[in-house]
Every structure is written in C-alpha cells, then in structure tokens.
Amino acid sequence: MADWRKRARISGDVVLFDYVTSNLEKNASHVYVWDIDKTYLDTHFETLKELWRTAIEKAFQKRNVPGTGSHVRAIIKSRGEESVHFPLYFVSASPPQMEKKIKAKLEIDSVNPYGIFFKDNLKNLKPIRLWRLNKQVGFKLQALLELRLRLSDGVKQILWGDD
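Just so we're aligned: the sequence shown equals residues 31 to 193 in this note's numbering.
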C-alpha cells in the first residue's frame with residue numbers, strides 16, 4: 031500500500047503524482063486546474079460510512095458531476111494538440127492511496143492530466159493534528175503554490191472548484 035510514496039513528490043501533507051516531464055510543464059502556455067471531489071467527480075462523503083464507500087469504489091463505479099467529462103474532453107479537443115497528456119492538474123483532498131483508482135477513472139474518461147495533487151491525511155490522524163482533517167483551503171493553497179513553482183513565469187492558469 032505504501033508503494034505510492036515511490037511514485038510521488040511529497041511536501042508536508044501535499045502529495046503530487048506527476049505524469050509528464052518538467053520540460054513539458056515549463057513549456058505550457060495555459061494550465062487548467064480542477065478540484066476533483068464534488069467538482070469533477072460526484073462524490074458525497076459527509077460521514078465515515080460515505081467516505082469508506084467512496085474509498086472502496088472501483089474506478090468504473092465513480093460518477094462524474096454531469097457534463098464534466100465531456101467538458102474537459104471538449105477543452106482538450108479545442109486546443110488541437112497531439113500530445114497524449116493535456117496541461118491539466120487535479121487537486122484532491124482525498125488521500126494519495128486513491129491515486130490509482132482516480133487515475134484509472136480519468137483514463138476511462140479519456141483524460142490524461144499532467145498531474146494530480148492529493149492530501150496525505152493519514153499523518154493528520156494524530157490527536158494533535160486532527161483539526162487538519164477537514165481543513166482544505168490551506169492544503170489547496172499550498173498545492174497551487176507548489177504547482178506555480180513548476181510552471182513558466184508567463185503561464186496562464188484556469189481554475190475550477192467548489193472551494
């Protein structure tokens with residue numbers, strides 16, 4: 031289960047799975063950043079039971095927010111680029127252990143992002159850090175700042191999200 035650590039870049043509780051070279055990132059003129067939960071994927075996990083159900087869902091069982099899959103594919107098609115990957119990053123407060131399932135769901139949708147940021151909440155299960163479990167703004171801000179450091183100075187970022 032810890033094999034994800036070998037494939038990820040970890041900074042505090044921000045975990046990045048990058049799928050392209052830094053050269054490709056630096057050459058992007060536009061980068062799209064989407065929140066995953068409740069914005070791209072139709073997820074509901076206000077209780078531990080709902081969170082557990084979301085965690086054990088297989089990739090093909092995950093549902094999109096209506097229209098998001100076709101919306102992203104339309105953006106990709108409109109840019110007319112021939113690359114397998116698209117300058118798109120996802121940010122998710124889900125744990126990095128979900129990466130394989132979420133990546134598989136994106137592949138089902140024919141979406142190949144440059145990378146996905148996850149929140150390593152397992153380290154927040156300590157009593158002194160429990161308050162961080164449902165605090166997403168700080169995590170997302172850190173993820174966005176880390177992403178900005180990876181991109182060129184003149185890049186334009188287009189952001190979608192619910193918070």
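Just so you know, even glycine gets a beta-carbon here, dropped at the ideal spot from N, CA and C.
Nearest neighbour of Gln-172 by Cα position, chosen from Asn-142, Glu-76, Tyr-70, Val-45, turns out to be Val-45.
Where Lys-186 is concerned, the enclosing beta strand (DSSP E) starts and stops at 186-190. Boundaries around Phe-169 are those of the alpha helix (DSSP H), 167-180, since no beta strand (DSSP E) includes it.
Between the alpha carbons of Gln-166 and Lys-153 lies a gap of roughly 15 angstroms.
For the pair His-101 and Pro-143, the Cα-to-Cα distance works out to about 14 angstroms.
In the DSSP assignment, no residue is bridged to Val-102.
As the crow flies, the alpha-carbon of His-115 is around 11 angstroms from that of Thr-51. Of the residues assessed, Ser-122 falls on the buried side of the cut-off, its CB having 16 or more other CB atoms within 10 angstroms.
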